[in-house]
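Positions 1 to 722 (full-length UniProt numbering) are the ones given, in order, by the sequence shown. Quick reminder that beta carbons are idealized off the backbone N, C-alpha and C, glycines included. These notes are about the structure you will find just below.
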Amino acid sequence: MQGLGALQQAAHHAPAPWKQRHGRRRCVRVRDASLWTAGLRLLSSQQQQQATATAQQQQQQQQLVQSAVQQEPQQQKLLLHGAGKKKYIPFKPDFFSSEPVQLAGSWDDWSLNITLPIDPGTGEAGIVLELDASQHGELTYKYNVAGKWHLAHSDAAAADMQGCVNNSTAGRKLVRFSFPAAFAGPRPSEQSVHLIGSFTGWQVVIPMALGADGAYHCDVSLPPGHHSFRFLLNAQQQEPGVFQPMAGMLAQASPAQYAVLQHLPLETLPSGATANSLRVPAPPTFRLLYHTSFSEAYVTYRFSGQQGAPRRLRMHHQPDCSGLMLAHLPAPGPDCSLEFSISGATLDSSSTLSTLSTMEEEGWPNSSSNVYNKKNNNGIAVERDPPGSGLYTAARPGVWRLKGGSLRPDDASQLPPLMLCTDLDGTLIEDGEEGDWVRQNDELTYLCAQHFAQYLAPAGGLIVFNTGRSIGMVEGLLQRKSGIMPWPSAIITAVGTKIFMWDVAGRRWAPDPGYAHLLDDGWNLQEVQNLAQALMRRFNGNASCVDDGSEHPHRVSLSIRSDVLHDFLKQWGEGLNRAGVQHQFVSSIGGEWRYVDCIAKNAGKGRAMAYLASKFGVSLEDVVAAGDSGNDLLMLGRLPEGCHPAIIMSNSHPEVWDWLARLTPEERGWIYTPKAERAAGIVEGLKAVLADKLAAAAERQRKAAAQRALAPGKLPVRALRG
């Protein structure tokens, strides 16, 4: 992999005419700085010992921030001179690559002259394009790695008439970020404020402009979903020669502080840092999900009130689900309806594109056929039409599912994407020698994979494997059960001590470097090994080593007799505490011998799951864990960040049911206990989770409508506006 410096230089070596012609600049990464929240600096324990600020200074800072927070809502009402003439579009690949990632798009005739900088410490890549007013329309783009094109799952995808599927910014929302000038310091003309967040992989900063209202602002085009961000104060350009100095390129400030605003939602990142957060709602869009056996399908459509001939769009296949095709149609407003028909080119049609061109001139395609896959007089297969006008009508923006000639709204697909984090053995699969038992469970696994691909993946859903198996064992499993198991977005192995991402360049599963760096904090493998060996000798045959940490450096695994387990762990834990090793014990499988893992404090199935949720931009309340054994409890139970839905298999081990009985009523409210076993239980649990989320969304809408009825002319003041 190329060094970071080489990647950064490559990212900025674009010809000058290219930059001038398109009026944009790229904003580059910034190194760590200290954090401010509510005007008070958050210091580490080491820094606290060195701090010399007096209580009076802290009180003055608090008064300054309280004033800024009070002024912020009023400042939002003022206009920023020149607002809307410039916007920033961040790009962050949601896949892992060990090779440089390039970006190409419609703004530059698909030229491959932008290379994204990659942080070797975290594996994150990101870049921001600044576009002028002439380029504020819908953009299409794609990533390229080693000559192969890749899509981002965070943005909508659409196929052109030649069948090429590209990402589109049509589903993004322009968000106005604001920061009060009083918060930046007493001399705003000499200060600078920048924005940094998860939407750029925490790699690049976006400059904020000082407006006529005395506050700093920037407009950022963000995809729907959960985003984390912070503000960077006092950033300055680096010395010439370190990078290629250019507008928008910032590096470590002197001095620099990160800041968050207390009156906005706060969250704790996996690294322990504090950040603001927001959820970007999806704009009005019609998303059509079409269940079909056609190899190609085209939707001809027109919005209510639209003049002229109907438009035509080629649909594209849902990955891992050959019988489902999709179309993404941005709506002109929240109250419009959609009329459409769908036609599919048959395999023996040799003039599909020319025929479609002729049909487009004539208006709606001939759709008189009433039989699936039957060709009309133009040689094109047409979906069975509804009675009446011969056109399907979607009454409002949203997700609509067309199956068997019936069009129905799919409200569940409009919820925020879910991340299913599932255990493997006894939960998603049963593995072993071939037989009726394994074949029956393989069928359940396949049905679960198809359910996810058809009903959750189109809304951006993700599957993560969270297992005690090694990565080699999981790779063998994926190979043996190819076409049966779903393909995961990430794999958590060794009870949460390793995370693997699919390397699109190397075509292999590669460790996530950011997670490995996170686990190093407070961990000392040598001390853990030395104490374990000494205790095994002391307990004389009542404990044996299973994994000494050679393969998994943040885990040491032992098998310990149940009758000495308590004393063994007591002595092991006391010795590690004396040595300053921050650790935790995880045990599973009852009986005469217990399997025990000593892992780093930041490791575990739950912590790894939370790390990936943050990485993928999924709120914790939208993470669904599924498991059946004692080592799954760290992901099934409440995390430091809060509760999340969890599915406990009906075939779970006794220690899981004992644990469930000890939960508080509030915690039990997040737990689902389906009657079906294994993969069928996952499907049953997911349906229950979605039903509860739909009911909660309907209740929120009811309360919002009641509130609007009480004060129809009064809108709530928000610190961040889209």
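- Residue 596 is a Cβ neighbour of residue 565, given a cutoff of 9 Å.
- In this structure, DSSP gives residue 86 an extended state, which the three-state scheme calls strand.
- If you compare the alpha carbons of 613, 650 and 172 with that of residue 622, the shortest gap goes to 613.
- The continuous stretches of alpha helix (DSSP H) do not include residue 419, which lies in the beta strand (DSSP E) extending over residues 419-422.
- Contact between the segment 532-540 and the segment 508-519 is absent, with fewer than three C-beta pairs closer than 8 Å.
- The residues 492, 496 and 499, in chain order, have a CB closer than 6 Å to that of residue 608 in the same chain once the five nearest residues on each side in sequence are set aside.
- Residue state for residue 262 is assigned as coil, using DSSP reduced to three classes.
- DSSP places residue 330 in the strand class (E or B) of the three-state scheme.
- A straight-line Cα-Cα distance of about 7 Å links residue 172 and residue 282.
- Under DSSP, residue 302 takes part in a beta bridge, and its partners are 339.
- Three or more Cβ pairs closer than 8 Å define a contact, and the segment 120-131 meets that threshold against the segment 88-96.
- Ranked by Cα distance from residue 412, the first of 444, 454, 430 and 443 is 454.
- With distances taken between CA atoms, residue 336 lies nearest to 285 out of 310, 313 and 285.
- Distances from the alpha-carbon of residue 480 to those of 558, 442 and 462 put 442 closest.
- Shortest Cα-Cα distance from residue 159 to any of 434, 191 and 312 involves 312.
- Shown here, residue 164 sits in coil according to DSSP, grouped into three states, outside any helix or strand.
- Boundaries of the alpha helix (DSSP H) harbouring residue 614: 605-616, taken from the DSSP string.
- Going by beta carbons, residue 340 and residue 275 fall outside the 9 Å limit.
- The segment 642-650 makes contact with the segment 615-629, as at least three CB pairs between them are under 8 Å.
- Fully contained in the segment 534-582 are the following alpha helix (DSSP H) runs of length 4 or more, in chain order: 565-578.
- Boundaries of the beta strand (DSSP E) around residue 501: 498-503.
- Excluding residues up to 5 positions away in sequence, 519, 523 and 554 lie with their Cβ nearer than 6 Å to the Cβ of residue 600 in the same chain.
- Non-local beta-carbon contacts of residue 569 in its own chain, meaning distances under 6 Å to residues more than five positions away in sequence, involve 585 in chain order.
- Straight across, the Cα-Cα distance linking residue 314 with residue 108 is about 24 Å.
- The residue among 504, 482, 227 and 289 with its C-alpha nearest the C-alpha of residue 404 is 289.
- With a minimum length of 3 residues, the unbroken runs of beta strand (DSSP E) contained wholly in the segment 455-504 fall at 462-466, 490-493 and 498-503.
- The shortest C-alpha to C-alpha distance from residue 674 to any of 665, 617, 208 and 685 is the one to 685.
- Look at residue 130 here: in three-state DSSP terms it is strand.
- The alpha-carbon of residue 298 is positioned some 47 Å away from that of residue 260.
- Assigned with DSSP and collapsed to three states, residue 634 falls in helix.
- Fewer than three pairs of CB atoms, one per stretch, sit closer than 8 Å, so the segment 395-402 makes no contact with the segment 464-473.
- Contact annotation: residue 166 and residue 157 have beta-carbon atoms nearer than 9 Å.
- Of the candidates 438, 583, 626 and 451, 451 places its Cα closest to the Cα of residue 323.
- Around residue 571, the same chain offers 535 as residues with beta carbons nearer than 7 Å, after the five sequence neighbours per side are excluded.
- For residue 408, no alpha helix (DSSP H) encloses it; the enclosing beta strand (DSSP E) starts and ends at 406-409.
- In this structure, the straight-line span from the alpha carbon of residue 665 to that of residue 648 is close to 16 Å.
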